[in-house]
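S.K.: Residue numbers (this note's numbering), protein chains in the order written: chain A, 313 to 430; chain B, 43 to 152.
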Amino acid sequence: NAGVMQNPRHLVRRRGQEARLRCSPMKGHSHVYWYRQLPEEGLKFMVYLQKENIIDESGMPKERFSAEFPKEGPSILRIQQVVRGDSAAYFCASSPLPPAGANTGELFFGEGSRLTVL
Amino acid sequence: SQQGEEDPQALSIQEGENATMNCSYKTSINNLQWYRQNSGRGLVHLILIRSNEREKHSGRLRVTLDTSKKSSSLLITASRAADTASYFCATVSGFNKFYFGSGTKLNVKP
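Next up, the structure:
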């Protein structure tokens, strides 16, 4: 059972270009989370999605950032018109649907996509 | 912010010593989890403690939770050089909402 797959692992963009980061969750997992991490810092929550639904996007900047998790295919984090401040590692994590009435479970992380904006 | 805050930010110890990291948080939680991150890698789950539990063990790991003080601690006993990594607490609240702290960077010297 493959783990959470993120690609690309490294992405270089010039200011103003678009960045698309992909995340394939573990098989059977229906929840996807995106986090951003600056060097030597913690993970900042961005968005929480289920298939075809955004559950919580309270951590996502209102402009230039969007995320989707379609019925088929990977979850996509899209950053339009990138700026230097968008340079960071973006981590995706997945979890299975928790049992009814339960709120437990762990997250399974990918190895991250490192975005560098020149 | 709902995020946990770890303390200390950095910890350097000798192999064989114990390492203790603390996590404080602000809101009510369903459970609290600890994760480890090796440099340049993704996070790996270590241990979960539910809000109605006070202590939990897993191998060389011991986690405590004090919901009245909104704090948790992670103890790694008999540390090894391979334990060198960053450690994060994650609070889980609401429906599957995970918030991570800023982490403790542990360096275990051989």
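Heads up, the beta-carbon is just placed ideally off N, CA and C, and yes, glycines get one too.
Just to make sure I have the definition right: I need the residues of chain B whose C-beta is within less than 8 Å of the C-beta of S407(A). Which are they?
M.R.: The answer, in chain order, is N138.
S.K.: Quick one: is L419(A) near chain B, going by C-beta distance under 9 Å?
M.R.: At least one chain B Cβ lies under 9 Å of L419(A).
S.K.: Please name the residue in S114(B), N149(B) and S128(B) whose C-alpha comes closest to that of N73(B).
M.R.: For N73(B), the nearest C-alpha among the options comes from S114(B).
S.K.: Could you check whether the Cβ of H87(B) sits closer than 9 Å to any Cβ belonging to chain A?
M.R.: True, the Cβ-Cβ gap to chain A drops below 9 Å.
S.K.: Counting only the same chain and skipping the five closest in sequence on each side, list residues whose C-beta sits under 8 Å from that of I55(B).
M.R.: Cβ within range, chain order: A61, S121, L148, N149, V150 and K151.
S.K.: Going along chain B, which residues have a C-beta under 8 Å from D398(A)?
M.R.: Per Cβ cutoff of 8 Å: no residues; D398(A) is ~19 Å from chain B at best.
S.K.: Bridge partners for F403(A) per DSSP, in chain order?
M.R.: Note: F403(A) sits in a beta bridge opposite Y347(A).
S.K.: Please state whether DSSP places A10(B) in a helix, a strand or coil.
M.R.: The displayed coordinates of chain B run from 43 to 152. Any statement about residue 10(B) would go beyond what the structure contains.
S.K.: Rounded to whole angstroms, what is the Cα-Cα separation between E48(B) and S407(A)?
M.R.: Distance between the alpha carbons of E48(B) and S407(A) is about 24 Å.
S.K.: Closer than 9 Å, CB to CB, is G101(B) near chain A or not?
M.R.: Answer no: the Cβ-Cβ gap between G101(B) and chain A never drops below 9 Å.
S.K.: Nearest to G328(A) by alpha carbon, out of Q393(A), L430(A), P351(A) and G385(A)?
M.R.: When only C-alpha atoms are compared, the closest one is Q393(A).
S.K.: What residues in its chain sit with their C-beta under 6 Å from that of E364(A), if we drop five residues either side in the sequence?
M.R.: These residues qualify, in order along the chain: K383.
S.K.: Can the beta-carbon of H343(A) be found closer than 9 Å to that of N138(B)?
M.R.: Result yes, Cβ atoms of H343(A) and N138(B) sit closer than 9 Å.
S.K.: Pull up the distance between the alpha-carbon of L107(B) and that of G315(A), whole angstroms please.
M.R.: Cα to Cα, L107(B) sits roughly 30 Å from G315(A).
S.K.: Below 8 Å on the Cβ atoms is my contact criterion, and I expect E418(A) with Q75(B) to pass it. Report the Cβ-Cβ distance as a whole number of Å.
M.R.: Right, the Cβ-Cβ distance comes to about 6 Å (below 8 Å), so this counts as a contact.
S.K.: What does a CB cutoff of less than 6 Å around S43(B) pick up in its chain, not counting 5 residues either side in sequence?
M.R.: Low confidence applies to S43(B): its pLDDT is 47, below 50, so where it sits in the model is not reliable enough to give any reading.
S.K.: Does any residue of chain B bring its CB to less than 9 Å from the CB of G340(A)?
M.R.: It does not; no Cβ of chain B falls within 9 Å.
S.K.: So which residues on chain A does G84(B) lean against when the C-beta distance must stay under 7 Å?
M.R.: Simply F403, F421, G422, E423 and G424.
S.K.: Could you tell me which residues DSSP puts in a beta bridge with I118(B)?
M.R.: DSSP output for I118(B) lists A61(B) and L103(B) as bridge partner(s).
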